[in-house]
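Trainee: Chains as they are written, first to last, in this note's numbering: chain V, 6 to 348; chain C, 74 to 308.
I'd like to ask you about the structure that follows.
Now the structure itself:
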């Protein structure tokens, strides 16, 4: 029974479920909702690496999401480039702008960084909103093409779009997993722990912070580009600060600084919002208190809370074994102390 | 080998250290004595490149390093083992040690070799290598901190109060290991309040008071110096 809950099996079951989901439900509306949720997850993963693992809370995330979306839309509708070429260019544009913003904003820290990036995010929104001739201003852009064909595969049906976005999501999670479990990931965590300490062991914190900032904006741009070609219409409000806070809410509820957090938080909130649709904006009266309680009692979200619970349980389990081991260790410690004294 | 020439450091308008001169030769153990807030850690942080002096300079192997960034200084061979056993508490002991070898991250064979050496010095760490560093006892955490500094293969290792909050037996063990590291060719700079233990292994010392060096000399001189005895040894 216990083996069913092993991490690897849980992941396999979840992926399998995601793959067969369109066959279980023939409801196009549900497939649409899930596809959107997957797109948000990609953006949440981007923010997670920066805010969760490195400790830099960027509030310009929706801005970069919008840059990805608008770059793709403009390159396909106005420059009439091939879809996938435009797609790659959109990611490059977002990353370069991320690099430029990072170069300046990463000179600030903590809440100053949050405030600074919030201003950057707002400026991005304003530029999109006011630059009528390029972005269409408040009217937005329409007629954005869906994903182009890859060989014989077309993406015209909701189900095919669902699979396209799902594969991008799985790829993103894989990349995140590899980053977090590499030396680079540990470097980010070291910076979150203490920048001074990271520096004293020889980490160039600026380079690494810049790297994580660019990666984070890359994923924001990826999510934005997918969003634009999925919804086929975008307006300046996708770069507005509320979108940043939506993404942040998904992250905090799911578990900031965990790999499963973005999936859990996004699914949960998207699903609950769907169920509470009839309440309209009064939904926030339910979300607000839940979020507050969660931050107080589970600062690392649902996923972080679960990990903590599991660790506590394991610690209890091993307590008896450790008692014996500890006694052994104390005696070896004493003997090595004695040998050092002699030496 | 390492020369601190006349440095002064400010935090805002507060002058934390003033006109500090320190000279460390190859193979020495140099101790900086002084109470909390006397300026030992500030001096260390300045040598490490975390603080920039507004006056004076730091020379290492004949080159000025006070303008370099902290990571370059580590790569040059000066590594600080920070006070208060600062570790990465969520990472395992092994990961903490690997992080210490960050500047040598491309040289896997050397990392393995240094790691084996650290486990030789601190056998207990090998048993606990998969435990999160935050779960270890104070003494073991200090061992991880020293081990992590060693992983960078420093030419000069600066230890900031390695004995603080440790049981006497563990302190003795720690100083034994420091001496051994020194014998193997690493120059040591030690900041300590525990003058008795530190002067026993040191070649020379500097006494800090209110951000200035008030007395300096060989460890015998300091050991017999009346004011030092009164203030730090208690006899």
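Built from N, CA and C at the ideal position, the CB exists for glycine as well.
Secondary structure at residue 163/C, three-state DSSP: helix, strand or coil?
Mentor: Assignment of residue 163/C by DSSP, reduced to helix, strand and coil, places it in the coil class.
Trainee: Give the secondary structure of residue 156/C by DSSP, where H, G and I count as helix, E and B as strand, and everything else as coil.
Mentor: DSSP places residue 156/C in the coil class of the three-state scheme, outside both helix and strand.
Trainee: Just mark residue 70/V as buried or exposed, buried being the case when its beta carbon has 16 or more other beta carbons within 10 Å.
Mentor: buried
Trainee: Would you give the residue range spanned by the alpha helix (DSSP H) that residue 292/C belongs to?
Mentor: 292–297
Trainee: Could you give the distance in angstroms between the alpha-carbon of residue 159/C and the alpha-carbon of residue 199/V?
Mentor: 9 angstroms
Trainee: Buried or exposed: residue 204/V, going by 16 or more other Cβ atoms within 10 Å of its Cβ?
Mentor: It counts as buried.
Trainee: Residue 91/C lies in the beta strand (DSSP E); which residues open and close that run?
Mentor: 87–97
Trainee: Can you round the beta-carbon distance between residue 241/V and residue 107/V to whole angstroms, since I take them to be within the 8 angstroms contact cut?
Mentor: So it is not a contact: roughly 23 angstroms between Cβ atoms.
Trainee: What residue ranges within the stretch 184–233 of chain C form continuous alpha helix (DSSP H) runs of no fewer than 4 residues, ordered along the chain?
Mentor: 196–200, 211–224
Trainee: According to the neighbour-count rule (16 or more other Cβ atoms, all chains shown, within 10 Å of its Cβ), is residue 323/V buried or exposed?
Mentor: exposed
Trainee: When you compare the CB positions of residue 103/V and residue 218/V, do they come within less than 8 angstroms of one another, or not?
Mentor: In this structure, residue 218/V lies closer than 8 angstroms to residue 103/V by Cβ.
Trainee: Between the Cα of residue 152/C and the Cα atoms of 168/C, 135/C, 174/C, which residue gives the shortest distance?
Mentor: Nearest C-alpha to residue 152/C: 174/C.
Trainee: Around the Cβ of residue 3/V, are there at least 16 other Cβ atoms within 10 angstroms (buried) or fewer (exposed)?
Mentor: Lying before the first or after the last residue shown, residue 3/V is absent from chain V, which here runs from 6 to 348.
Trainee: With a threshold of 16 other CB atoms inside 10 Å of the CB of residue 7/V, please say whether the residue is buried or exposed.
Mentor: Any reading at residue 7/V must be qualified, since the residue scores a pLDDT of 47, below 50, and its modelled position is unreliable; the value itself is stated next. Classification for residue 7/V: exposed.
Trainee: At 8 angstroms on the CB atoms, spell out the chain V contacts of residue 175/C, in chain order.
Mentor: 188, 192, 206, 207, 208
Trainee: Would you say the stretch 269–283 of chain V touches the stretch 32–51 of chain V, given that touching needs at least three Cβ pairs under 8 angstroms?
Mentor: yes
Trainee: Do you know offhand how far residue 126/V's Cα is from residue 248/C's?
Mentor: 53 angstroms
Trainee: Applying a beta-carbon distance threshold of less than 7 angstroms, which residues of chain V neighbour residue 144/C?
Mentor: 204, 207, 208, 209
Trainee: Which residue marks the beginning of the alpha helix (DSSP H) containing residue 53/V, and which one marks its end?
Mentor: For residue 53/V, there is no enclosing alpha helix (DSSP H), as DSSP marks it with neither H nor E.
Trainee: Whole angstroms are fine: how far does the CA of residue 289/C sit from the CA of residue 265/C?
Mentor: 14 angstroms
Trainee: List, from N- to C-terminal side, the alpha helix (DSSP H) runs of 4 residues or more that fit wholly inside the stretch 208–250 of chain V.
Mentor: 210–236
Trainee: Residue 56/V CB to nearest chain C CB: under 8 angstroms?
Mentor: no
Trainee: So who's on the other strand from residue 81/C, going by DSSP bridges?
Mentor: Answer by DSSP bridge pairing, in chain order: 128/C.
Trainee: From the beta carbon of residue 121/C, is the nearest beta carbon of chain A less than 8 angstroms away?
Mentor: The structure shown contains no chain A; the protein chains it does contain are V and C.
Trainee: Run down chain C in chain order and give the residues with a C-beta less than 7 angstroms from the C-beta of residue 201/V.
Mentor: 123
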